[in-house]
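Engineer: If you scroll down you'll find the structure; I have some questions about it.
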Amino acid sequence: MADGPCPVCQTPSDRKHLGDKHEVTCPRCGHFYVSGTAELALRGEPLDDQQRANASGWIRSRGEITVSSDDVEALRSLETPSLDERSRWLLRYLADRTKAMGQHVDVKFGDQEILAISRCQGSVDLNYILDYMIEKRLITTLGQKTLGGIRAIVTPTGSDYLQGATTTPTPRPVTPSPAGREFAFVKDGSLRVCLERDYAEIQRAYDAKCWKSVIILSGGAIEAILLDLLQADPARALQATGAPKRPDLTKWDLADLINVAVELNLVAAGVDKLSHPIRSYRNLVHPGNELRTGLKFGGEEAKIALEVLHILHRDLTPGP
Ligand SMILES: [Zn+2]
Numbered sequence: 000m001a002d003g004p005c006p007v008c009q010t011p012s013d014r015k016h017l018g019d020k021h022e023v024t025c026p027r028c029g030h031f032y033v034s035g036t037a038e039l040a041l042r043g044e045p046l047d048d049q050q051r052a053n054a055s056g057w058i059r060s061r062g063e064i065t066v067s068s069d070d071v072e073a074l075r076s077l078e079t080p081s082l083d084e085r086s087r088w089l090l091r092y093l094a095d096r097t098k099a100m101g102q103h104v105d106v107k108f109g110d111q112e113i114l115a116i117s118r119c120q121g122s123v124d125l126n127y128i129l130d131y132m133i134e135k136r137l138i139t140t141l142g143q144k145t146l147g148g149i150r151a152i153v154t155p156t157g158s159d160y161l162q163g164a165t166t167t168p169t170p171r172p173v174t175p176s177p178a179g180r181e182f183a184f185v186k187d188g189s190l191r192v193c194l195e196r197d198y199a200e201i202q203r204a205y206d207a208k209c210w211k212s213v214i215i216l217s218g219g220a221i222e223a224i225l226l227d228l229l230q231a232d233p234a235r236a237l238q239a240t241g242a243p244k245r246p247d248l249t250k251w252d253l254a255d256l257i258n259v260a261v262e263l264n265l266v267a268a269g270v271d272k273l274s275h276p277i278r279s280y281r282n283l284v285h286p287g288n289e290l291r292t293g294l295k296f297g298g299e300e301a302k303i304a305l306e307v308l309h310i311l312h313r314d315l316t317p318g319p
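Under numbering that gives the first Met the number 0, the first residue of the sequence shown carries the number 0, and numbering increases by one thereafter.
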């Protein structure tokens with residue numbers, strides 16, 4: 000183990016050489032790997048303070064990922080989650096550390112793990128989030144706030160809020176949320192970064208009523224998620240009745256991926272029926288195909304595409 004600044008957040012951390020990459024144990028980002036080229040890219044143009052806050056929280060929430068040079072741009076462009084989302088993560092952290100009701104948890108303003116979880120740059124924004132949580136009655140404090148931190152107690156309102164926030168949400172009509180979504184269930188790290196970036200783009204396209212873009216991007220995201228899911232156990236996927244004869248899953252089309260994922264109960268039945276308008280989304284990319292196949296794409300089709308993506312996101316995001 001050698002010491003050095005974490006390539007992402009610059010906090011002093013332990014680093015170990017592993018061939019062409021480093022194993023990093025950072026008090027803020029947690030335990031992860033970073034490729035030599037990614038490290039060079041980060042050194043060439045270091046992240047700014049808020050990018051660091053977002054990137055370290057993101058890396059920490061994913062655990063043992065490898066940051067490759069392809070991921071650096073995505074890390075740079077992570078959007079800052081909403082205040083509500085950040086306070087919910089912090090509340091979850093506090094609740095997990097509360098052994099008995101009413102017990103307090105020490106929150107130090109300089110605690111690197113807490114800063115990462117709440118995507119804070121430092122004590123100023125952490126203070127702000129804590130005040131917001133107190134104002135919303137999610138937490139209360141034991142004694143006075145000091146310069147070092149507070150003793151936080153999760154209130155009954157706070158526990159109720161967490162339970163409400165973590166039970167499976169009921170299906171609701173598509174309304175793209177302003178905050179980004181995380182695709183923590185996707186096993187392939189680089190793919191996850193792409194999906195999170197594309198999801199943000201889908202929302203912008205949806206807001207701008209760019210239906211064709213929504214359908215193509217959502218179709219691609221759905222395909223990537225299902226492929227990642229089925230590749231966890233390719234043998235099982237190949238044995239499904241609806242499986243095509245091709246042994247290479249990456250050659251399957253979206254319709255095959257959907258049929259097999261539904262047949263194996265990996266995603267909710269109904270997705271197959273709902274997803275009809277997007278099965279041939281690839282044909283939309285080329286205007287010639289679009290004309291030949293008479294494919295329709297409008298607000299309705301775009302809504303359905305996004306709805307399918309939301310259902311997958313809901314069904315595959317692990318519960319507490
Ligand atoms: Zn770090």
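Using N, Cα and C, we set each Cβ at its ideal position, and we do this for glycine too.
Keep in mind the model is a prediction, meaning the values are calculated, not measured.
Consult DSSP for ILE257 and reduce its assignment to one of helix, strand or coil.
Structural biologist: Against the sequence shown, residue 257 aligns to sequence position 258. Three-state result, ILE257: helix.
Engineer: Locate the beta strand (DSSP E) running through ILE403, then write down its first and last residues.
Structural biologist: Summary: the structure shown does not reach residue 403, with the chain confined to residues 0 through 319, and so no result is reported for it.
Engineer: Within the chosen definition, does the stretch 182-200 reach the stretch 255-267 through at least 3 CB pairs nearer than 8 angstroms?
Structural biologist: No, the stretch 182-200 does not touch the stretch 255-267.
Engineer: Count the other CB atoms, across all protein chains shown, that sit within 10 Å of the CB of PRO246; report buried if there are 16 or more and exposed otherwise.
Structural biologist: For the purposes of this step, residue 246 is taken as residue 247 along the sequence shown, with counting starting at 1. Burial call: exposed.
Engineer: State the start and end residues of the unbroken alpha helix (DSSP H) segment that holds GLY313.
Structural biologist: Reading the sequence shown from its first residue, position 314 is the one you call residue 313. According to the sequence shown, residue 313 is Arg rather than Gly. 298-315 is the extent of the alpha helix (DSSP H) around ARG313.
Engineer: With respect to 8 angstroms, is the separation between the Cβ of SER60 and the closest non-hydrogen atom of ligand 1 below this value?
Structural biologist: In the sequence shown, counting from the first residue as 1, residue 60 sits at position 61. Outside the cutoff, so no.
Engineer: Would LEU216 and ALA204 be called neighbours here (beta carbons separated by less than 9 angstroms)?
Structural biologist: As a first step, residue 216 is located in the sequence shown; it is residue number 217 there, counting from the start. As a first step, residue 204 is located in the sequence shown; it is residue number 205 there, counting from the start. It is a contact, given that the beta carbons lie within the stated cut-off.
Engineer: Measuring only from the beta carbon, is VAL192 closer than 8 angstroms to any heavy atom that is part of ligand 1?
Structural biologist: Position 193 of the sequence shown, counting from 1, holds the residue named residue 192. False, no ligand heavy atom lies under 8 angstroms from that Cβ.
Engineer: Hey, is THR330 close to ligand 1, as in C-beta under 8 angstroms from one of its heavy atoms?
Structural biologist: Beyond the ends of the chain as shown, which are 0 and 319, falls residue 330; an answer cannot be given.
Engineer: Suppose the cutoff is 7 angstroms on Cβ atoms and the five residues either side in sequence are ignored; what does the same chain contact list for PRO233 look like?
Structural biologist: Residue 233 sits at position 234 when you count from the first residue of the sequence shown. For PRO233, where only same-chain residues beyond five positions count, the Cβ hits under 7 angstroms are LEU248.
Engineer: CB of CYS5 to nearest heavy atom of ligand 1: below 8 angstroms?
Structural biologist: Mapped onto the sequence shown, residue 5 falls at position 6. Yes - ligand 1 has a heavy atom lying nearer than 8 angstroms to the Cβ of CYS5.
Engineer: Is GLU289 helix, strand or coil when you go by DSSP?
Structural biologist: As a working mapping, residue 289 is identified with position 290 in the sequence shown. The answer is helix: DSSP assigns GLU289 an H, G or I state.
Engineer: What does a CB cutoff of less than 7 angstroms around LEU237 pick up in its chain, not counting 5 residues either side in sequence?
Structural biologist: Along the sequence shown, one-based indexing puts residue 237 at 238. Excluding sequence neighbours, LEU237 sits near PRO246.
Engineer: According to the neighbour-count rule (16 or more other Cβ atoms, all chains shown, within 10 Å of its Cβ), is GLU63 buried or exposed?
Structural biologist: Mapped onto the sequence shown, residue 63 falls at position 64. The residue is exposed, with fewer than 16 neighbouring Cβ atoms inside 10 Å.
Engineer: If I follow the unbroken beta strand (DSSP E) through SER117, where does it start and stop?
Structural biologist: Counted from its first residue, the sequence shown places residue 117 at position 118. Careful: SER117 lies outside any beta strand (DSSP E) and carries neither H nor E.
Engineer: In angstroms, rounded to a whole number, what distance separates the CA positions of VAL266 and ALA183?
Structural biologist: Against the sequence shown, residue 266 aligns to sequence position 267. Against the sequence shown, residue 183 aligns to sequence position 184. Approximately 16 angstroms between the Cα atoms of the pair.
Engineer: Under a three-way DSSP split, which group does ARG235 fall into?
Structural biologist: Here the question's residue 235 lines up with position 236 in the sequence shown. In the structure shown, ARG235 sits in a helix (DSSP, three-state: H, G or I).
Engineer: I'd like the span of the beta strand (DSSP E) that includes TYR32, first residue to last.
Structural biologist: What you label residue 32 is simply residue 33 of the sequence shown in a count that begins at 1. Where TYR32 is concerned, the enclosing beta strand (DSSP E) stretches over 29-34.
Engineer: Which residues mark the beginning and the end of the alpha helix (DSSP H) in which VAL7 is found?
Structural biologist: In the sequence shown, counting from the first residue as 1, residue 7 sits at position 8. Segment: none, VAL7 is in no alpha helix (DSSP H) and carries neither H nor E.
Engineer: So, at 7 angstroms on beta carbons, what are the nonlocal neighbours of THR166 in its own chain, with the 5 sequence-adjacent residues on each side left out?
Structural biologist: Within the sequence shown, numbered from 1, the residue matching residue 166 stands at position 167. At THR166, the pLDDT of 45 sits below 50, so the modelled position is not reliable and the matter cannot be decided from this model.
Engineer: Return the bridge partner residues of ARG14 from the DSSP annotation.
Structural biologist: As a working mapping, residue 14 is identified with position 15 in the sequence shown. ALA1, VAL23, per the DSSP bridge assignment.
Engineer: What do you get for THR29, buried or exposed, if any count of 16 or more other CB atoms within 10 angstroms of its CB means buried?
Structural biologist: Looking up residue 29 in the sequence shown gives position 30. Here the sequence assigns Gly to residue 29, which means Thr is not the residue at that position. Result: buried.
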